[in-house]
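Reading through the structure tokens given below for one structure.
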Amino acid sequence: MRGQFLVELEARGGARDLAELNELFGAWLEGVYHRARHSETGETPLGRLMRGRSLRRPSPAELREAFLWSAWRTVDRRTASVAMFGNHYEVDPALAGARVELVFDPFELSEIEVRFQGRPMGKAVPRVIRRHTHPAARAEAPEAPPKPSGIDYLGLVAARVAAEAARRIAYAGIAGEPDDIDNHDADNDDTDLGEADR
0 MRGQFLVELE
10 ARGGARDLAE
20 LNELFGAWLE
30 GVYHRARHSE
40 TGETPLGRLM
50 RGRSLRRPSP
60 AELREAFLWS
70 AWRTVDRRTA
80 SVAMFGNHYE
90 VDPALAGARV
100 ELVFDPFELS
110 EIEVRFQGRP
120 MGKAVPRVIR
130 RHTHPAARAE
140 APEAPPKPSG
150 IDYLGLVAAR
160 VAAEAARRIA
170 YAGIAGEPDD
180 IDNHDADNDD
190 TDLGEADR
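Residue numbers (numbering that gives the first Met the number 0): 0 to 197.
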């Protein structure tokens, strides 16, 4: 959406109002995104949806876990503590001398989860915090916006989707009023049909 729709929206000077924004986004979503082949799945999103395959969605906890970093440390035997990037943490005394995994958000080193042999062993208690972010953690730098081409791409997409919608059959508009149907039947004279024809 950022790399395709929002770039084109900015290039055309935005939208007049929310209604136009919704119209342009809906047209782009239906006319471009859902029809473009995805590089990872090899299918279009619309084709994948129509195939009816149910996908398992990760829970928020699983998503958070996927983006955590970890480091291995040996717990000091005398103090039951570990050090990481100038910070010192106290852990469960039962882990003294053990090699533990410290699991953390690279942008918040004051909250560390301790794991031993793959099992959670509680939180490390911060004693000295000198650094709050991992030295290798870098915030994403914003990309320079592309130069506008002068073509109203989203307007063209919206026009194409509207033209396709106009070619579809509107079944709701086909049926006439019930009175029209009754009059049509009255016009059909079946009085000269024999009993066998009825």
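All residues carry an ideal CB built from backbone N, CA and C; glycine is no exception.
Is it buried or exposed, residue i, if we count other Cβ atoms within 10 angstroms and call 16 or more buried?
i      : result
Trp27  : buried
Glu7   : buried
Arg36  : exposed
Gly25  : exposed
Val124 : exposed
Arg166 : exposed
Ala157 : buried
Arg72  : buried
Could you tell me the alpha carbon to alpha carbon distance between residue i and residue j, rounded to whole angstroms?
i      : j      : result
Asn21  : His33  : 16 Å
Leu155 : Leu5   : 15 Å
Glu110 : Leu67  : 11 Å
Ala135 : Ala70  : 13 Å
Gly13  : Ala60  : 36 Å
Ala214 : Arg56  : Outside the displayed span of the chain (0 to 197) sits residue 214, for which this structure offers no information.
Ala65  : Pro105 : 12 Å
Leu23  : Ser38  : 24 Å
Lys122 : Phe84  : 17 Å
Arg47  : Leu17  : 30 Å
Got a sec, what are the start and stop residues for the alpha helix (DSSP H) residue i sits in?
i      : result
Ala65  : 59-65
Met49  : 44-50
Phe24  : 17-30
Leu108 : Premise fails: Leu108 lies in the beta strand (DSSP E), 107-115, not in any alpha helix (DSSP H).
Arg55  : Counting along the chain, Arg55 falls outside any alpha helix (DSSP H), and DSSP gives it neither H nor E.
Leu155 : 152-166
Which residue's Cα is closest to the Cα of residue i: the options?
i      : options                       : result
Gly149 : Met0, Ala10, Ala157, Gly2     : Ala10
Leu101 : Glu163, Ala95, Ala82, Arg159  : Ala82
Arg98  : Asp104, Asp75, Asn86          : Asp75
Ser80  : Arg126, Leu108, Val160, Met49 : Arg126
How would you write the range of the beta strand (DSSP E) that residue i sits in, first residue to last?
i      : result
Gly121 : 118-127
Ala82  : 80-83
Would you say residue i lies against chain B (beta-carbon separation less than 7 Å)?
i     : result
Arg34 : In the structure shown, chain B cannot be found, because there is only a single protein chain.
Legend entry - Three-pair Cβ contact test at 8 Å for the region 141-157 versus the region 117-126: no
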